[in-house]
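Report on one structure; see the data block that follows.
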Amino acid sequence: MGLRQMANTPVDSMRDGGLWWFQDLTLADPFYILPLITSATLYLTIEIGTDSARLSAANMNTMKYVLRALPLVIFPFTMNFPAAILTYWACSNFISLGQVAVLRIPSVREYFKIEKMLTHAPSALPTKKKGFVGGMKESWDNMKITKEIEERQRLDEIRFAKAGKGPLVKTFKYDPTKPKPLPTVEPHMRLKEPPKE
Numbered sequence: 001m002g003l004r005q006m007a008n009t010p011v012d013s014m015r016d017g018g019l020w021w022f023q024d025l026t027l028a029d030p031f032y033i034l035p036l037i038t039s040a041t042l043y044l045t046i047e048i049g050t051d052s053a054r055l056s057a058a059n060m061n062t063m064k065y066v067l068r069a070l071p072l073v074i075f076p077f078t079m080n081f082p083a084a085i086l087t088y089w090a091c092s093n094f095i096s097l098g099q100v101a102v103l104r105i106p107s108v109r110e111y112f113k114i115e116k117m118l119t120h121a122p123s124a125l126p127t128k129k130k131g132f133v134g135g136m137k138e139s140w141d142n143m144k145i146t147k148e149i150e151e152r153q154r155l156d157e158i159r160f161a162k163a164g165k166g167p168l169v170k171t172f173k174y175d176p177t178k179p180k181p182l183p184t185v186e187p188h189m190r191l192k193e194p195p196k197e
C-alpha cells in the first residue's frame, strides 16, 4: 500500500530511482518484463517451495492446479502496476527462491534438524492419480458432501436450541393430567359369577 501511494503521489526520488529499462518507478513497465519476471519467480517459488507431499494428497489435488495457475492469472493484473511494486515483489520472490534452495541442501537440513520428507512409491499409495477433470469432479463431489454435512449440523443445532425452549413435546402414550383409563377385559377373561344357592 505504501509503495503504491508513493508511486501515485509521485515521490520525486522514485521518478529516476529505477534501473535499466525501468528508470521511472512510478510508471508501469512498458516492455512487461517486470510482470513476467514476477510471475515466473512466483511460479518457481510455488513449484519448488510448496510441500509437494501434502499437495499430492487426494483432497489437495485441485489446490495444486490452482497454485500453478495463479501466476498466469495475476500476470494481466500486474501489467499495469507501478514498477516500484513489481520490483519489490520480484526481489521478495528471489529471496524466497534462495531460501527454498538453501533449505533443500541436505547438510543445511541436517544442521537445522529438519527431518527428511518421506516419499512413498506411487503404487503403494491407496489413491491413484487422477487427471485434471477427474480431480475437479472429485473436489466438486467432496464440496457437495461437506455442504450436506454442514447443513445437517446446522439443522441439529436448531433442533437442539428448540428442545430447551417452549412447551414440552408430548412423548407419552396417555395424558398424565387425566385419570388413567381402566383396562378393558375381554369376555372370555371375565370372572364367572358363583352359582346362587
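Heads up, the sequence shown stops at 197 in full-length UniProt numbering, and the numbers go up one at a time, no gaps.
From the three backbone atoms N, C-alpha and C, an ideal C-beta is built for every residue, glycine too.
Secondary structure at Pro82, three-state DSSP: helix, strand or coil?
Numbered from its first residue, the sequence shown carries residue 82 at position 82. Of the three classes helix, strand and coil, the one that applies to Pro82 here is strand, per DSSP.
For Pro82 versus Thr41, is the C-beta spacing smaller than 7 Å?
For the purposes of this step, residue 82 is identified with residue 82 of the sequence shown, where counting begins at 1. For the purposes of this step, residue 41 is identified with residue 41 of the sequence shown, where counting begins at 1. Against a cut-off of 7 Å, the Cβ pair of Thr41 and Pro82 comes out as no contact.
Along the chain, where does the alpha helix (DSSP H) containing Ala40 start, and where does it finish?
The sequence position of residue 40 within the sequence shown is 40, counting from 1. Note, Ala40: alpha helix (DSSP H), Ile33 to Gly49.
Gly98 versus Thr45: straight-line alpha-carbon distance, rounded
As a working note, residue 98 is residue 98 in the sequence shown. As a working note, residue 45 is residue 45 in the sequence shown. C-alpha separation (whole angstroms): 9 Å.
Among the candidates Ile95, Ile33, Ile48 and Lys64, whose CA atom is the shortest distance from the CA of Ser139?
Translated into positions along the sequence shown, residue 139 becomes position 139. Considering only alpha carbons, the answer is Lys64.
Local Cβ density within 10 Å of Asn93, reported as buried at 16 or more and exposed below that:
Sequence index remark: in the sequence shown, residue 93 carries index 93 (1-based). Per the 10 Å Cβ criterion, buried.
Residue nearest to Ala84 in terms of C-alpha spacing, selected from Leu72, Asp156, Asp175 and Asp29
As a position in the sequence shown, residue 84 is number 84, starting the count at 1. If we check each option's Cα against that of Ala84, Asp29 comes out closest.
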